[in-house]
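Student: There's a structure below that I have some questions on.
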Amino acid sequence: MSTATLASLQEEREKLRAARAKEDFEEYQVRTCTKNALTTAGIRSRKAMLDMLDKLTNRLVEAIDGQHDETRVHYHMSDTVHDLLSQFGETVEKDTQALPLIGRRIKMGATPREIISVSKWADKYRWLKSGTNAPGKWDTNLTPYMREIMDNLSEHSPVRQITFIKSAGVGGTEALYNWIGYIMHHLQNKDLLLVVPTLDLRDRSFNPRLAKMIDETPALKELVNTSTRNRTNRENLLEYGARARIIKAGANSPDSLRADHLPYVICDEIDAFPWDVGGEGDPMTLIENRQRTYSRAKTYLVSTPTIEHTSRIDMMYRRSDRRRYHVPCPHCGEYQPLEFKQLQWKKTLPAADIPEHEQLSQVEKVWYACKVNGCVIEEGHKTGMLAAGRWIAERPAIKLHRGYHLNALYAPIGLGLGWKAVAQKWLNSQNDTSEMKGFINTYLGEVWTEQGDSIDDYALIARLEIYPKELEFETTTAGVDVQKDRLEATIVGWQADEEAWVMDHLIIPGETTQQHVWNELDQSLRDAKVDLAAIDSGYNTSMVKEFVAKRAWTIAIKGMPGISRPLVDDEGVRRQRLRNRRRRGIPIEPIGVDQGKALIYARVKLPKPGPGYIHFPNTPAFDTEYFAQLAAEKLVTKVRGTRPYQEWVQTRSRNETLDCLNYALAARRMVRVKPAKTQNETPHLPTTIAPMMPDDPMLL
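First residue of the sequence shown: 507, per our numbering; consecutive thereafter.
Written as structure tokens, this is what we have:
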């Protein structure tokens, strides 16, 4: 150790000795002081307090004069009282110089804790050392829209509940950790309950991130004695300071929710919470019961949304004052929220050497169109726009419950996805309902609305039309449903962007165990020049396989339920099944029928011809019974165990026309993959087409 270091240590030791000697002397003064001296100190302290009370009313009136916002009134009153108490402490210390220790202790007791907001606490104390695009000291200016959200979590804010419905990557989770740090370091003696969807998620994700924040933030690290924490303390409970706790619970565990009464609650990703936990009811109700005895309790709810009518965060946001972050146009100055529908882009097709099945439209240039005047806004303007933004409430009369909504367009440059990447994500999700749902939830921060909930069969009859004599199609497909006593088939011609022309619906009577029924189907499909026919193998599977084995332009399918299941599998998976055809027999393609129904029900509601529109011919096959079967199902929301789910249910006994149209749509999606010919098949040359990648959201 160097001489300089030893000298500094000796100097520090002498300072500590001097301070201790001073404290000992002051203690001696108090013990030996006369009764008259104590009486004098008391009189002077009482006089200082009376003077402060005389000033208090006038100061409060002056502070809130002209203020109309309840939150601002509360802030100004808190600041005024804080200043007066600080002045009182200084006066007492000055007037009791004969007894400095007494004066100092009276001052310490009278002076309130510093008024500091969560955002200011984070700017002053929070550090991010790893796992971030902006390492170093926390800076709220990088995400200015988070300032108001965090500040309303502060102790002196009158707001009692914050609901944050958001996309990924905008800082909602970091605000959660900042509030935890604020409670631990600034409030110190307040308990907090934090609830995540499952105990496994708590141990896998939350606990490591909390430990990382504490380790990287010196002000927090000194509060936690890591050497004495046992395993239960690490997983279920964090004790800090003298007697404060962070109770860490999972919404799937009623035992973990049975905490003592406490003032502060955080619920992270509440859309993943069960609706019933251990038969004890809604976990949100159990959580609310923990706060009943606190008049100034606070709750922070944060989540990306899920499905309309079942999304918890969306329900809570609708009960709030519903705030959106408005930013100024850099050209005309008009304030407006950033909305995805205003994002514009120019796209190009990839190079010719990219395999056909991998072709996707690529975003070349992106800009934002000002909603007020149509100004072209480049993403480079976003930093200044965010800094000048402000939250505006849709329902300002609601004071104690503030709701905030943010989408991925607000993500700061360099800290999240840019506008070009968001636009590309949108294009890439167009052919899959599951991907589209993920985009709507994760990038737009909005609930997913199942557009195909039900349809009106009588309204569909009004759509019958007389087709032009000459119609040209890129491809023609058929969907075949197999019953005991008949075959039913729908033949559809397809134009660009999956605009569909239903050409015919066939009913071929006869026992489907008999060959002549299948011969008639074969001839009918050939006459219609069908390129690919998808035949349901759920009934009379052996006959279906025999029929498909001899015809390369047919394929056996099996409907698989599940809202999230794609209509058809990835092309690579299908190709592998086709390569295995000779070794393992006829491959049966699984079809996500629920997604197909949602697509059909959404498309028959389109108001005018174009991408995705479904035409029906004014011919005898398309009568009231055809459309009644087409409208024979509806999408309903049910609850199984602990979570809501959606399911298609039949409203009448027959729905063959819906199934056939569904299978024809699946065949359209698979027409690019052709099985190799077998020896016994009758030659048939299917039309070769390029992959269709529609841009319209109806063309999922």
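In this text, a Cβ means the ideal position worked out from N, Cα and C, and glycines have one as well.
Just confirm the distance between the C-beta atoms of D820 and P811, as a whole number of angstroms; I'd bet it's less than 8 Å.
Tutor: Taking the sequence shown and counting its residues from 1, one reaches residue 820 at position 314. Taking the sequence shown and counting its residues from 1, one reaches residue 811 at position 305. With 8 Å as the limit, D820 and P811 qualify as a contact, their Cβ atoms being about 5 Å apart.
Student: From which residue to which residue does the beta strand (DSSP E) around T1060 run?
Tutor: Residue mapping note: residue 1060 aligns to position 554 of the sequence shown, counting from 1. It spans 1060 to 1066 - the beta strand (DSSP E) in which T1060 sits, taken as one unbroken run.
Student: Which same chain residues end up closer than 7 Å to I1013 when comparing Cβ atoms and leaving out the 5 residues on each side of it in sequence?
Tutor: Position 507 of the sequence shown, counted from the first residue, corresponds to residue 1013. These residues qualify, in order along the chain: R992, E994.
Student: Among residues of its own chain, excluding the 5 on either side of K630, which ones have a beta-carbon nearer than 7 Å to its beta-carbon?
Tutor: For the purposes of this step, residue 630 is taken as the residue at position 124 of the sequence shown. For K630, where only same-chain residues beyond five positions count, there are no Cβ hits under 7 Å.
Student: Reducing DSSP to helix, strand and coil, say where H692 ends up.
Tutor: For this step, residue 692 is matched to residue 186 along the sequence shown. Helix at H692.
Student: For W851, which residues from the same chain have a beta carbon less than 7 Å from its beta carbon, with the 5 sequence-adjacent residues on both sides left out?
Tutor: Numbered from 1 along the sequence shown, position 345 holds the residue referred to as residue 851. The answer, listed in chain order, is V869, K871, V872, A929.
Student: Taking the beta carbon of C838 as the centre, do at least 16 other beta carbons fall within 10 Å, making it buried, or is it exposed?
Tutor: Position 332 of the sequence shown, counted from the start, is the residue given in the question as residue 838. C838 comes out exposed.
Student: Among E1095, R1081, P1113, which one has its Cα closest to the Cα of L1073?
Tutor: The residue given as residue 1073 occupies position 567 in the sequence shown. Comparing Cα positions, the closest option is E1095.
Student: What distance in whole Å lies between the Cβ atoms of P650 and A893, which are believed to be in contact at a cut-off of 8 Å?
Tutor: In the sequence shown, the residue the question calls residue 893 occupies position 387. In the sequence shown, the residue the question calls residue 650 occupies position 144. With a Cβ gap of about 5 Å, A893 and P650 count as contacting.
Student: Taking C-alpha atoms, which residue in G1118, P1113, Q1101, Q1156 lies nearest to Y1169?
Tutor: By one-based count along the sequence shown, residue 1169 stands at place 663. It is Q1101 whose Cα lies nearest to the Cα of Y1169.
Student: Sort out for me which residues DSSP pairs F670 with in a bridge.
Tutor: Mapped onto the sequence shown, residue 670 falls at position 164. Answer by DSSP bridge pairing, in chain order: V808, Y910.
Student: Looking at the structure shown, is K853 part of a helix, part of a strand, or coil, going by DSSP?
Tutor: Here residue 853 is taken as the residue at index 347 of the sequence shown, counted from 1. When secondary structure is reduced to three states using DSSP, K853 falls in the strand class.
Student: Throw me the rounded Cβ distance for the E722 and W633 pair, which I believe falls under 8 Å.
Tutor: As a first step, residue 722 must be located in the sequence shown, where it is residue number 216. As a first step, residue 633 must be located in the sequence shown, where it is residue number 127. Sure, about 5 Å apart at Cβ, within 8 Å.
Student: Just verifying my parser: in three-state terms, what is the DSSP assignment at R526?
Tutor: Position 20 of the sequence shown, counting from 1, holds the residue named residue 526. It is helical.
Student: Determine whether the beta carbon atoms of I1120 and V1036 lie at a separation below 8 Å.
Tutor: Here residue 1120 refers to the residue found at position 614 when the sequence shown is read from its first residue. Here residue 1036 refers to the residue found at position 530 when the sequence shown is read from its first residue. No. Outside cutoff.
Student: Between the region 1148 to 1166 and the region 1049 to 1060, are three or more C-beta pairs nearer than 8 Å?
Tutor: no
Student: Only counting the same chain, and skipping five residues up and downstream in sequence, which positions put a Cβ closer than 7 Å to that of I720?
Tutor: Translated into the one-based positions of the sequence shown, residue 720 becomes position 214. Taken in chain order, the residues that qualify are L726, K727, V730.
Student: Just the Cα atoms here: how many angstroms apart are K853 and P780?
Tutor: Indexing the sequence shown from 1 puts residue 853 at position 347. Indexing the sequence shown from 1 puts residue 780 at position 274. If I take the Cα positions, the gap works out to 42 Å.
Student: Please classify D1201: is it buried, with 16 or more other beta-carbons within 10 angstroms of its beta-carbon, or exposed?
Tutor: The residue labelled residue 1201 in the question sits at position 695 within the sequence shown. Here the model assigns D1201 a pLDDT of 36, short of 50, so the residue's position is not dependable, and the following value carries that caveat. That one is exposed.
Student: DSSP has G999 in a bridge; who is on the other side?
Tutor: Counted from its first residue, the sequence shown places residue 999 at position 493. Answer is T982, W1007, bridged to G999.
Student: Assuming the contact rule is C-beta atoms closer than 8 Å, W627 and Y688 should be a hit. Round their C-beta distance to whole Å, please.
Tutor: Reading the sequence shown from its first residue, position 121 is the one you call residue 627. Reading the sequence shown from its first residue, position 182 is the one you call residue 688. Rounded, the Cβ-Cβ distance is 5 Å, consistent with contact.
Student: Can you name the start and end residues of the beta strand (DSSP E) that E1289 belongs to?
Tutor: The structure shown does not extend to residue 1289, since the chain is modelled only from 507 through 1206, so no value can be given for it.
Student: On the three-state DSSP scale, how would you describe V1142?
Tutor: For the purposes of this step, residue 1142 is taken as the residue at position 636 of the sequence shown. Strand at V1142.
Student: On the criterion of 16 or more Cβ atoms from any shown chain inside 10 Å, does E900 qualify as buried, or is it exposed?
Tutor: As a position in the sequence shown, residue 900 is number 394, starting the count at 1. It counts as exposed.
Student: Quick check: E1005 and P1123, are their CB atoms within less than 8 Å of each other?
Tutor: Your numbering for residue 1005 matches position 499 in the sequence shown. Your numbering for residue 1123 matches position 617 in the sequence shown. Going by C-beta atoms, E1005 is not nearer than 8 Å to P1123.
Student: Got a sec? Which residues, its chain only, sit under 8 Å from E941 by beta carbon, not counting five neighbours each side?
Tutor: The count along the sequence shown starts at 1 and reaches residue 941 at position 435. Contacts found: N934, S935.
Student: Does the count of Cβ pairs from the region 781 to 794 and the region 1108 to 1119 closer than 8 Å reach three?
Tutor: no
Student: Look at the alpha carbon of Q1207 and the alpha carbon of A1138, and state the distance between them as a whole number of angstroms.
Tutor: Because the chain spans 507 through 1206 in this model, residue 1207 falls outside it and cannot be assessed.
Student: With H, G and I counted as helix, E and B as strand and the rest as coil, what does DSSP make of T1184?
Tutor: As a working mapping, residue 1184 is identified with position 678 in the sequence shown. Note that T1184 scores 37 on pLDDT, short of 50, meaning its location in the model is unreliable and no value can be drawn from it.
Student: Checking the sheet assignment: what are the DSSP bridge partners for E994?
Tutor: Residue mapping note: residue 994 aligns to position 488 of the sequence shown, counting from 1. Its beta-bridge partners are D987, I1013.
Student: Could you work out which residue in H832, P760, T597, T1019 is closest to G1207 when comparing CA atoms only?
Tutor: The requested residue 1207 is not part of the displayed model; the chain covers only 507 to 1206.
Student: For A1134, collect the residues of the same chain with a Cβ closer than 6 Å to its Cβ; drop the 5 residues on either side in sequence, then sort them by chain order.
Tutor: Indexing the sequence shown from 1 puts residue 1134 at position 628. Same-chain partners within the cutoff: D963.
Student: Once you ignore the five residues that flank M1066 on each side, which residues in its own chain have a CB closer than 8 Å to its CB?
Tutor: Within the sequence shown, residue 1066 is the residue found at index 560, counting from 1. Around M1066: P1096, I1097, G1098, V1099.
Student: To the nearest angstrom, how far is the alpha carbon of V1054 from that of K1103?
Tutor: Reading the sequence shown from its first residue, position 548 is the one you call residue 1054. Reading the sequence shown from its first residue, position 597 is the one you call residue 1103. One C-alpha to the other measures close to 25 Å.
Student: What's the C-alpha gap between R710 and G756?
Tutor: Taking the sequence shown and counting its residues from 1, the one referred to as residue 710 is at position 204. Taking the sequence shown and counting its residues from 1, the one referred to as residue 756 is at position 250. One C-alpha to the other measures close to 12 Å.
Student: Would you tell me roughly how many angstroms separate the C-alpha atoms of A803 and S826, rounded to the nearest one?
Tutor: By 1-based counting over the sequence shown, the position of residue 803 is 297. By 1-based counting over the sequence shown, the position of residue 826 is 320. The C-alpha of A803 lies about 17 Å from the C-alpha of S826.
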